[in-house]
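Protein chains in written order, with this note's numbering: chain A, 425 to 540; chain B, -14 to 95.
Here the structure comes first, spelled out in structure tokens, and everything after it is commentary.
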């Protein structure tokens, strides 16, 4: 099992550019989410999805879009990058229901994004 | 609403000393609490879940509903325990969603 795979691992963008962070999981998890990790701020939820075709906003959704066309993939799109979006981005997936209690989240290895 | 508070951003102890990482929460319902750990340059991983009442790597955590706390404890810290620790809460009604604290960076000195 590959678990949760994030690409790319590192990215530098210029202000105003757009890009997509990829996240794929092979565990048939219903729930997928994107977090950003900033020093002193912990993990903040950007968007999440409870299944294909269903997405919802988290705490800090502005400037980001998501879609969930398949169970496996949950890409995060930066529409017009800003320096404030410089961060480490983590994708996480989990089963729902009682299996969540046993296994919790599986995290990807992260994408370190710098916007200049 | 719900909130997870980790009052210490940084915590340093010497090897062999006891360590306690504090986590307090606010939530009117029955929460599910978790501890996640991130070692240097590694992905976050689940350390403990309150419902299992287990000990992982010598760490334990007890849910105290009266004090709304879920502190993480280890009687004898090791250098390899140095990491970022996050406390997280799930509301019973929220499918899969976790609310994280801001994290505590633990450093264990030799």
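Just so it is clear, CB atoms sit at the ideal spot from N, CA and C, and this is done for glycine as well.
- request: Could you tell me which of A:499, A:494 and A:532 sits nearest to residue 488 of chain A, measuring between CA atoms?
  value: A:499
- request: Pick out whichever of B:43, B:27, B:-13 and B:6 has its Cα sitting closest to the Cα of residue 13 of chain B.
  value: B:-13
query: So is residue 465 of chain A buried or exposed if we call it buried at 16+ other beta carbons inside 10 Å?
result: exposed
field: Where residue 517 of chain A falls: helix, strand or coil (DSSP)
entry: strand
Contact under 9 Å by Cβ, residue 19 of chain B with residue 6 of chain B: no
- prompt: Any idea if residue 518 of chain A is buried or exposed, counting beta-carbon neighbours within 10 angstroms, 16 or more meaning buried?
  reply: buried
Residue 96 of chain B (DSSP reduced to helix, strand or coil): One cannot answer for residue 96 of chain B here, as it falls past the ends of chain B, which runs -14 to 95.
query: Opposite residue 429 of chain A in the DSSP bridges: which residues?
result: A:448
- prompt: residue 443 of chain A and residue 428 of chain A: beta carbons closer than 9 Å?
  reply: no
message: According to DSSP, is residue 471 of chain A part of a helix, a strand, or is it coil?
response: strand
task: Report buried or exposed for residue 439 of chain A, applying the criterion of at least 16 other Cβ atoms within 10 angstroms of its Cβ.
output: exposed
- request: For chain B, find out if any of its Cβ atoms is closer than 9 Å to the Cβ of residue 534 of chain A; answer yes or no.
  value: yes
task: Just the chain B side, please: which residues come within less than 8 Å of residue 529 of chain A by C-beta, in chain order?
output: 21, 29, 31 and 83
task: For residue 45 of chain B, collect the residues of the same chain with a Cβ closer than 6 Å to its Cβ; drop the 5 residues on either side in sequence, then sort them by chain order.
output: 58
query: So with Cβ pairs under 9 Å, would you call residue 76 of chain B a contact of chain A?
result: no
- request: In the DSSP assignment, find the unbroken beta strand (DSSP E) run with residue 53 of chain B in it and report its ends.
  value: First-last for residue 53 of chain B: undefined, no H or E at that position.
query: Which residues, in chain order, does the segment -14 to 8 of chain B contribute to contact with chain A at a C-beta distance below 7 Å?
result: -6
message: Counting only beta-carbon separations shorter than 9 Å, does residue 477 of chain A have a partner in chain B?
response: no
query: Per DSSP, which one or two residues make a beta bridge with residue 90 of chain B?
result: B:-5 and B:69
- request: May I ask which residues mark the beginning and end of the beta strand (DSSP E) holding residue 462 of chain A?
  value: 455 to 462
- prompt: Mapping DSSP to helix, strand and coil, what is residue -13 of chain B?
  reply: coil
message: If we define contact as Cβ-Cβ less than 9 Å, is residue 87 of chain B a contact residue for chain A?
response: yes
message: Count Cβ pairs between the segment -8 to 1 of chain B and the segment 471 to 486 of chain A that sit closer than 8 Å; are there 3 or more?
response: no
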